[in-house]
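Take a look at the structure below.
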Amino acid sequence: MRLSVNIDHVATIRNARGGTHPDPLAAALAVLEAGADGITMHLREDRRHVRDSDVERVRATIAAPLNFEMAATEEMVAIAERLRPADCCIVPEKRAELTTEGGLDLLRADPFLPEAVKRLAGAGIRVSIFVEADPAQIEAAARLGAQAIELHTGAYADAAPADRPAHLAKLRAGAEAAAAAGLACHAGHGLGYDTIEDVARIGPISEVSIGHFLVGQAIFEGLPGAVRRMKALIAGVRG
Ligand code: PXP
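Mapping to this note's numbering: the sequence shown position 167 is 167, numbers consecutive.
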């Protein structure tokens, strides 16, 4: 199971003082050196964390896959077509939210979404759609022509430990539905040391995307150390 590290919040810290430190590109290189399998960046409409130049520099510098998270808008599709990251993960985006609050609702028609998927795929990008672990959403992602889904793990990660088994069962069913539909299955949101192992036990999940916890944990053990420990927890389950 690959670990793609989301470095958005390195930019959040940089932006707090308006300077250049800490540099998201330096963070990307450090986490890859520590064993991360890829880098995720979410360029939001309001550019509240990473900026266009951050994504451009990371894309131009790293050899590992860049997973570009984006809303399905003309502006973001055009940027992705220009930068051609390995992966694009289409997410819902609301201006006032603190973070992505839920999966994309594919049962509510977004007239631009089919065009977005088609253009991204046409640019040779692997398209993933961030959805809840709901078979109807997963089947809709397959119908749209996505090659992968990313399961929203936020409700599981935020649940009280006693409630987690029910959330895990849903995630497992979602991952199995994705595999049955021929889709690669990724997962992310809110994951940390105490939740990663149960997610790693869900066989069809081939990639996790983790950001906030690792950047927060960097305060205590450094970003490379946090990435190494997360990778070790995954390896403990997957070998
Ligand atoms: N996956 C998606 C689609 C996201 O929007 C986010 C948050 O930007 C993540 C994964 C990573 O979540 P976290 O920062 O909580 O690890």
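Glycine is no exception: its CB is placed at the ideal position from the N, C-alpha and C atoms.
- When DSSP assignments are scanned along the segment 38-115, the uninterrupted stretches of beta strand (DSSP E) that are 3 or more residues long and fall wholly within it turn out to be 38-42, 66-70, 87-90.
- Annotation for Asn-6 indicates a beta carbon within 6 Å of some heavy atom of the ligand PXP.
- Short of 7 Å from the beta carbon of Gly-188, and not among the five residues preceding or following it, lie these beta carbons of its own chain, in chain order: Glu-150, Thr-153, Val-208, Ser-209, Ile-210.
- Separation of Leu-107 and Ala-140 (C-alpha to C-alpha, rounded to the nearest whole angstrom) is 7 Å.
- Secondary structure in the segment 115-180: the alpha helix (DSSP H) runs of 4 residues or longer, each lying completely within the stretch, are 135-144, 154-158, 164-180 in chain order.
- Put simply, the backbone Cα of Leu-3 is about 11 Å away from that of Asn-67.
- By the 16-neighbour rule on beta-carbons within 10 angstroms, His-9 is buried.
- According to DSSP, residue pairing for Arg-2 in a beta bridge involves Glu-207.
- Between Ala-169 and Pro-204, the C-beta spacing is not below 7 Å.
- According to the DSSP secondary-structure assignment, His-186 is paired through a beta bridge with Glu-150, Glu-207.
- Minimum Cα-Cα distance from Phe-112 among the listed residues Thr-73, Phe-130, Asp-134, Lys-94 corresponds to Thr-73.
- Taking C-beta atoms as the reference points, Pro-24 and Asp-46 fail to come closer than 7 Å.
- Within its own chain, the residues whose Cβ lies closer than 6 Å to the Cβ of Ala-34, once the five positions on either side in sequence are excluded, are Pro-224, Val-227, Arg-228, listed in chain order.
- Residue environment for Asp-87: buried (at least 16 other C-beta atoms within 10 angstroms of its C-beta).
- Look at Ile-13: its beta carbon is at least 6 Å from all of the heavy atoms in the ligand PXP.
- For the pair Leu-233 and Met-1, the Cα-to-Cα distance works out to about 11 Å.
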